[in-house]
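Visitor: Before anything else, here's the structure in question.
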Amino acid sequence: MEHGGPSGTTGRGSRRQHLREQRERHGRGAVAALPVEHPREVATAAGRVTVEIWGPPGVAPGRSQAWLPSFACPLARNALEWILRGEVRAVAELLVVPHTCDSLQALGSQVLDLGAGGGLPAVTFYHPRTLDPAARASFLRDELRRYRAALEQRLGRIGEEALAWAVERHREADRLARRLLDEGPREGLSEPERFALLRRREWLWVEDQVAAFRAALERPALPPERFGDRVPILLSGIVAEPPGLLEELDGAGLRVAVDDTAALGRRLPELLPPATGEPLEDLARRYEALGPCSTRTGDLDARIARVVERARRAAVRGALFVIVARCEPELFDLPALRAALREAGVPSATIETDLEAGWPAAMGTRLEAFAESLGARGGAR
Ligand code: SF4
């Protein structure tokens with residue numbers, strides 16, 4: 013298996029083009045993964061690019077409506093629609109279904125038990141569902157071993173050396189992505205571009221992630237006096253969608269100073285535990301270092317404490333929750349989070365997305381009202 017250096021695409025090319033290049037130039041197939049967190053290092057060690065399916069936004073509902081229960085969220089609906097249309101099978105040889113929520117559980121059973129993938133094989137990844145630390149630790153380690161074996165069964169043997177290499181490379185990508193997220197705006201990179209670059213982690217080959225993040229970090233960090241008069245906010249929710257959200261925030265005079273989305277900030281460890289030399293143990297410790305998340309049976313009190321602490325540290329003036337419609341895990345945490353932020357002097361607002369193709373006008377009105385209430389001066393673009 014070629015581990016090699018960056019394959020030439022450092023994030024500018026499209027996802028489809030990147031996957032084609034990976035296949036044609038490097039002989040790397042792809043593994044598709046549903047949200048949120050899964051051990052992508054194992055697929056990397058098997059020489060496969062991981063491509064995550066966050067919807068995609070803007071897929072017209074069709075057959076998926078008959079396959080999913082009414083409580084399923086639009087992300088699961090769009091993903092199943094994409095699967096039923098054969099779009100996933102066209103690029104990936106395997107589908108990973110993490111046990112994130114009931115919506116994905118319902119989707120998973122359509123693919124695993126009822127053949128919705130049209131022959132696309134699928135494997136699951138279960139997160140611990142208990143808060144007991146010892147039970148969580150042993151479940152997680154067992155699950156990582158089971159997951160590795162499941163991938164080996166479908167993709168071939170995964171050697172220790174390849175796994176150690178993959179874990180080390182993803183640790184480097186984690187470190188660089190965390191810096192790029194936390195250090196704020198950079199010279200010559202707009203805020204929507206910085207966030208779009210970070211989200212390319214969802215589909216870039218790991219060496220290309222490392223190269224793209226390094227290149228971005230070589231740009232000098234902007235000193236605060238050059239942030240303009242944009243108002244710092246905390247952004248939360250599952251994922252920064254629909255498309256155009258970050259551009260709209262920028263245009264409304266808002267700047268994301270803390271990202272608490274499940275797709276980005278919540279799955280980047282703030283501090284990586286030292287490497288142990290045992291790749292699966294390093295993976296387990298990485299999981300344990302992640303902040304609490306509604307999609308991983310996190311402790312709500314711990315999540316509230318962390319969100320409030322980060323909001324205070326970054327001196328944000330408001331918080332915006334972008335809620336995917338019918339997203340049970342986030343809706344469960346939302347009232348307590350908003351109340352705690354209010355108590356800490358941080359006003360918040362919510363906008364709900366059905367994973368539309370573009371930016372809906374009604375959402376724009378809500379965002380403008382929120383920006384105005386924070387004293388932001390829109391039209392700063
Ligand atoms: S948006 Fe919420 S309900 Fe939908 S797949 Fe993600 S976690 Fe599950």
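Numbers 13 to 393, taken from the working numbering, label the letters of the sequence shown in order.
Every residue, glycine too, gets a C-beta built ideally from N, C-alpha and C.
Model, not experiment: these values are computed from the prediction.
What separation, rounded to the nearest whole angstrom, lies between the Cα atoms of residue 375 and residue 389?
Guide: In the sequence shown, residue 375 corresponds to position 363, counting from 1. In the sequence shown, residue 389 corresponds to position 377, counting from 1. Roughly 18 Å separates the two Cα atoms.
Visitor: Using the C-alpha atoms, what's the distance from residue 193 back to residue 182?
Guide: Taking the first residue of the sequence shown as 1, we reach residue 182 at position 170. Taking the first residue of the sequence shown as 1, we reach residue 193 at position 181. Near 16 Å, if we compare the C-alpha coordinates of residue 193 and residue 182.
Visitor: Measure how close the beta-carbons of residue 265 and residue 241 come, nearest whole angstrom, since I'm counting them as under 8 Å.
Guide: Position 253 of the sequence shown, counted from the first residue, corresponds to residue 265. Position 229 of the sequence shown, counted from the first residue, corresponds to residue 241. Indeed, because the Cβ distance is near 7 Å, the residues count as touching under 8 Å.
Visitor: For residue 112, count neighbouring C-beta atoms within 10 Å of its own C-beta (all shown protein chains included) and say buried if the count is 16 or more, exposed if not.
Guide: In the sequence shown, the residue the question calls residue 112 occupies position 100. Buried is the call here.
Visitor: For residue 292 versus residue 156, is the C-beta distance shorter than 7 Å?
Guide: By one-based count along the sequence shown, residue 292 stands at place 280. By one-based count along the sequence shown, residue 156 stands at place 144. Yes, the pair counts as a contact, with Cβ atoms nearer than the cut-off.
Visitor: From residue 233 to residue 239, what does the alpha carbon distance come to, in whole angstroms?
Guide: Taking the sequence shown and counting its residues from 1, one reaches residue 233 at position 221. Taking the sequence shown and counting its residues from 1, one reaches residue 239 at position 227. For residue 233 and residue 239, the distance between alpha carbons rounds to 10 Å.
Visitor: Counting beta carbon pairs with one atom in the region 214-227 and one in the region 60-75, are three or more of them shorter than 8 Å?
Guide: Yes, they touch.
Visitor: Tell me whether the beta-carbon of residue 86 lies closer than 7 Å to the beta-carbon of residue 337.
Guide: Here the question's residue 86 lines up with position 74 in the sequence shown. Here the question's residue 337 lines up with position 325 in the sequence shown. Against a cut-off of 7 Å, the Cβ pair of residue 337 and residue 86 comes out as a contact.
Visitor: Can you list, in chain order, the residues of its chain with a C-beta nearer than 8 Å to that of residue 346? Leave out the 5 residues immediately preceding and following it.
Guide: As a working mapping, residue 346 is identified with position 334 in the sequence shown. Here the set comprises 333, 335 and 362.
Visitor: In terms of alpha-carbon separation, which member of 371, 326 and 381 lies closest to residue 358?
Guide: Residue 358 sits at position 346 when you count from the first residue of the sequence shown. Cα-wise, what sits closest to residue 358 is 326.
Visitor: Spatial neighbours of residue 259 within its chain, please: CB distance less than 7 Å, with the 5 preceding and 5 following residues excluded, ordered by chain position.
Guide: As a position in the sequence shown, residue 259 is number 247, starting the count at 1. 204.
Visitor: Taking residue 379 as the reference, which of 272, 275 and 245 has the closest Cα?
Guide: Counting from 1 along the sequence shown, the entry for residue 379 is found at position 367. Per the Cα distances, 245.
Visitor: Give the straight-line distance between the Cα atoms of residue 365 and residue 235, rounded to the nearest whole angstrom.
Guide: Here residue 365 refers to the residue found at position 353 of the sequence shown. Here residue 235 refers to the residue found at position 223 of the sequence shown. Cα to Cα, the separation comes out at about 33 Å.
Visitor: When burial is assigned at 16 or more other CB atoms within 10 Å of the CB, is residue 37 buried or exposed?
Guide: Locating residue 37 in the sequence shown gives position 25, counting from the first residue. Its Cβ having fewer than 16 others within 10 Å, residue 37 is exposed.
Visitor: Can the beta-carbon of residue 45 be found less than 7 Å from the beta-carbon of residue 108?
Guide: Numbered from its first residue, the sequence shown carries residue 45 at position 33. Numbered from its first residue, the sequence shown carries residue 108 at position 96. The answer is yes: Cβ separation under 7 Å.
Visitor: Evaluate the contact criterion for the region 284-302 versus the region 165-183: three or more CB pairs, one atom per stretch, below 8 Å.
Guide: The region 284-302 is in contact with the region 165-183.
Visitor: Check whether the Cβ of residue 116 lies closer than 6 Å to any heavy atom of the ligand SF4, and answer yes or no.
Guide: Taking the first residue of the sequence shown as 1, we reach residue 116 at position 104. At least one heavy atom of the ligand SF4 is nearer than 6 Å to the Cβ of residue 116, so yes.
Visitor: Just verifying my parser: in three-state terms, what is the DSSP assignment at residue 291?
Guide: Position 279 of the sequence shown, counted from the first residue, corresponds to residue 291. Reduced to three states, the DSSP call for residue 291 is helix.
Visitor: Note down the Cα distance separating residue 17 from residue 323, rounded to an integer number of angstroms.
Guide: The residue you call residue 17 lines up with position 5 of the sequence shown. The residue you call residue 323 lines up with position 311 of the sequence shown. Model confidence at residue 17 stands at a pLDDT of 33, short of 50, so the residue's coordinates are unreliable; what they give is reported in the following sentence. Their Cα atoms are separated by approximately 38 Å.
Visitor: Name the DSSP bridge partner or partners of residue 333?
Guide: For the purposes of this step, residue 333 is taken as residue 321 along the sequence shown, with counting starting at 1. For residue 333, which the question treats as bridged, DSSP gives the partners 248 and 362.
Visitor: Cutting at 8 Å between CB atoms, please list the residues of its own chain near residue 104, excluding the five before and the five after it.
Guide: Here residue 104 is taken as the residue at index 92 of the sequence shown, counted from 1. 41, 42, 43, 44, 63 and 132, listed in sequence order.
Visitor: Tell me the residue span of the alpha helix (DSSP H) that contains residue 377.
Guide: The count along the sequence shown starts at 1 and reaches residue 377 at position 365. Looking at the DSSP string, the run of the alpha helix (DSSP H) that includes residue 377 is 373-385.
Visitor: At a cut-off of 6 Å, would you count residue 87 as near the ligand SF4, judging by its Cβ distance to the nearest heavy atom?
Guide: Within the sequence shown, the letter at position 75 stands for residue 87. Yes, Cβ of residue 87 sits closer than 6 Å to a heavy atom of the ligand SF4.
Visitor: Check whether the Cβ of residue 341 sits closer than 6 Å to any heavy atom of the ligand SF4, and report yes or no.
Guide: Taking the sequence shown and counting its residues from 1, the one referred to as residue 341 is at position 329. Answer for residue 341: yes, Cβ within range of the ligand SF4.
Visitor: Excluding five sequence neighbours on each side, which residues of the same chain lie with their C-beta closer than 6 Å to the C-beta of residue 115?
Guide: Walking along the sequence shown from the start, residue 115 turns up at place 103. If we look at residue 115 and ignore the five residues flanking it on each side, its Cβ neighbours are 84, 85 and 88.
Visitor: Can a CB atom of chain B be found closer than 7 Å to the CB of residue 359?
Guide: The structure shown contains no chain B; it is built from a single protein chain.
Visitor: What is the DSSP secondary structure of residue 112, counted as helix, strand or coil?
Guide: Counting from 1 along the sequence shown, the entry for residue 112 is found at position 100. Looking at residue 112 - three-state DSSP - the assignment turns out to be coil, as it is neither helix nor strand.
Visitor: Three Cβ pairs or more, each shorter than 8 Å: is that satisfied between the region 271-280 and the region 247-255?
Guide: Judged by Cβ distances under 8 Å, the region 271-280 makes contact with the region 247-255, as three or more pairs qualify.
Visitor: Using only the alpha-carbon positions, how far apart do residue 371 and residue 256 sit?
Guide: Position 359 of the sequence shown, counted from the first residue, corresponds to residue 371. Position 244 of the sequence shown, counted from the first residue, corresponds to residue 256. When rounded, the distance between both Cα atoms is 6 Å.
Visitor: Under 6 Å Cβ to Cβ from residue 373, same chain only, skipping five residues before and after it: list those, please.
Guide: As a first step, residue 373 is located in the sequence shown; it is residue number 361 there, counting from the start. No residues qualify anywhere along the chain.
Visitor: What does residue 137 pair with, by DSSP beta-bridge criteria?
Guide: The residue given as residue 137 occupies position 125 in the sequence shown. Answer by DSSP bridge pairing, in chain order: 110.
Visitor: What residue from 295, 110 and 277 has the CA that sits closest to residue 285's CA?
Guide: Taking the sequence shown and counting its residues from 1, the one referred to as residue 285 is at position 273. Per the Cα distances, 295.
Visitor: Between 33, 48, 30 and 29, which lies nearest to residue 280 when the distance is taken from Cα to Cα?
Guide: Your numbering for residue 280 matches position 268 in the sequence shown. Out of 33, 48, 30 and 29, 48 has the C-alpha closest to the C-alpha of residue 280.
Visitor: Skipping 5 residues on each side, what residues in its chain have a beta carbon closer than 6 Å to that of residue 67?
Guide: As a working mapping, residue 67 is identified with position 55 in the sequence shown. The residues are 87, 90 and 367.
Visitor: Is residue 122 near residue 79, with beta carbons less than 7 Å apart?
Guide: As a first step, residue 122 must be located in the sequence shown, where it is residue number 110. As a first step, residue 79 must be located in the sequence shown, where it is residue number 67. Yes, they are a contact pair.
Visitor: From this set, 32, 51 and 31, which residue's C-alpha is nearest residue 300's C-alpha?
Guide: Within the sequence shown, numbered from 1, the residue matching residue 300 stands at position 288. Out of 32, 51 and 31, 51 has the C-alpha closest to the C-alpha of residue 300.
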